[in-house]
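To start, the structure itself, in structure tokens.
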């Protein structure tokens with residue numbers, strides 16, 4: 049899109065140029081400048097990591113990883129080329145890789161980013177401030193992953209693919225980056241071409257409706273709070289499902305109910321698709337990355353000469369199985385929640 053300088057007598061078209069002509073590179077220049085001025089391409093996001101690649105299975109890295117005001121993760125990919133290459137496929141891979149990122153993992157990545165950029169701030173406090181939260185709300189974090197593609201231009205293959213993917217409930221934006229010159233000064237123009245800004249609010253409403261319908265069909269994004277009683281006395285109350293195993297094992301330990309037989313019963317339990325109790329050395333890198341166990345603290349229970357961590361991978365489809373198993377084995381233990389599981 050041409051830009052014009054207004055004079056008293058005319059509109060003077062500013063000469064266009066390219067990133068290649070000006071010797072501007074993706075990482076050295078675009079990424080460096082945009083990470084501290086991300087509002088140029090999206091005014092509602094905050095960068096929390098650059099060159100993010102915290103996974104063992106791949107050497108690929110996300111140019112910029114951000115969050116938006118709705119606590120969604122945002123994968124931002126940058127290209128200086130006139131076609132965009134295969135950036136949409138690359139970004140989809142990255143979105144899939146970060147889809148299960150936890151609050152703790154994001155907080156850790158952001159703290160590292162702040163330190164590397166010599167920003168004196170607490171990551172969790174800064175995240176909560178940006179999101180308008182008084183306290184961390186892990187259940188509302190990263191419910192969706194958005195993608196922003198920013199390039200000098202986009203091939204027809206990319207725009208066609210993005211339109212098709214968006215129609216199937218992905219959330220991908222394309223921002224065209226144009227360079228112009230005023231005398232010896234470079235001017236950057238960032239124009240969102242997909243979705244068109246004037247149609248974006250309507251498309252967002254349609255997507256939100258689809259997501260709400262999907263959520264209501266497939267899950268109750270569970271806000272339930274649980275309580276556990278022993279011999280009709282409350283042991284712990286008002287905790288989330290992610291802590292149900294922790295409080296259960298703590299109760300059994302505190303009441304002296306764990307002998308070798310019970311320990312073997314707990315150790316072999318896989319109600320949540322992970323072993324209920326694990327040594328630190330037994331955890332996979334994936335389990336650590338997505339905080340399936342609270343491994344970054346002292347062991348939560350000790351038995352014999354060993355310390356163990358308690359699984360926290362609990363969802364609406366597996367927590368009831370665990371409750372049924374525990375209540376059957378220990379009739380004096382009873383669970384309740386403030387909604388149906």
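In this note's numbering, the protein residues as written are 49 to 389. Just so it is clear, CB atoms sit at the ideal spot from N, CA and C, and this is done for glycine as well. All values reported here derive from a predicted model rather than from experimental measurement.
Give me whichever residues DSSP pairs with residue i in a beta bridge.
i           : result
residue 242 : 222
residue 53  : 60
residue 228 : 64 and 235
residue 277 : 282 and 382
residue 116 : 93
residue 136 : According to DSSP, which records beta bridges pairwise, residue 136 is partnered with nothing at all.
residue 326 : 357
residue 100 : 110
residue 348 : Bridge partners of residue 348: none, in fact.
residue 123 : 113 and 195
Less than 8 Å between the C-beta atoms of residue i and residue j, yes or no?
i           : j           : result
residue 328 : residue 314 : no
residue 51  : residue 235 : yes
residue 386 : residue 298 : no
residue 356 : residue 348 : yes
residue 358 : residue 341 : yes
residue 112 : residue 82  : yes
residue 119 : residue 86  : no
residue 369 : residue 319 : yes
residue 98  : residue 161 : yes
residue 149 : residue 121 : yes
residue 77  : residue 93  : no
residue 49  : residue 226 : yes
residue 159 : residue 171 : yes
Can you tell me whether residue i is helix, strand or coil according to DSSP?
i           : result
residue 285 : strand
residue 111 : strand
residue 94  : strand
residue 86  : helix
residue 359 : strand
residue 338 : coil
residue 198 : strand
residue 189 : coil
residue 377 : helix
residue 167 : coil
residue 214 : helix
residue 305 : coil
residue 320 : coil
residue 149 : coil
residue 204 : helix
residue 70  : coil
residue 372 : helix
residue 296 : helix
residue 80  : helix
residue 392 : The structure shown does not extend to residue 392, since the chain is modelled only from 49 through 389, so no value can be given for it.
residue 209 : helix
residue 343 : coil
Thinking just about the alpha-carbon of each residue, which of the options is nearest to the one in residue i?
i           : options               : result
residue 139 : 290, 281 and 110      : 110
residue 151 : 96, 242 and 92        : 96
residue 126 : 100, 56, 199 and 333  : 199
residue 147 : 193, 169 and 102      : 193
residue 242 : 226, 228, 283 and 196 : 196
residue 289 : 58, 276 and 282       : 276
residue 202 : 129, 84 and 300       : 129
residue 302 : 278, 285 and 66       : 278
residue 107 : 141, 121, 88 and 74   : 141
residue 287 : 281, 296 and 381      : 296
residue 237 : 55, 57 and 64         : 64
residue 351 : 375, 218, 330 and 312 : 312
residue 224 : 213, 232 and 240      : 240
residue 381 : 280, 79 and 330       : 280
residue 375 : 330, 353, 343 and 292 : 292
residue 282 : 182, 189, 383 and 218 : 383
Between the region 174–194 and the region 148–159, do at least 3 Cβ pairs fall closer than 8 Å?
-> yes
So does the region 198–212 actually touch the region 120–133, counting three or more Cβ pairs closer than 8 Å?
-> yes
Decide if the region 362–371 is in contact with the region 302–313; the criterion is three or more beta carbon pairs, one per stretch, under 8 Å apart.
-> no
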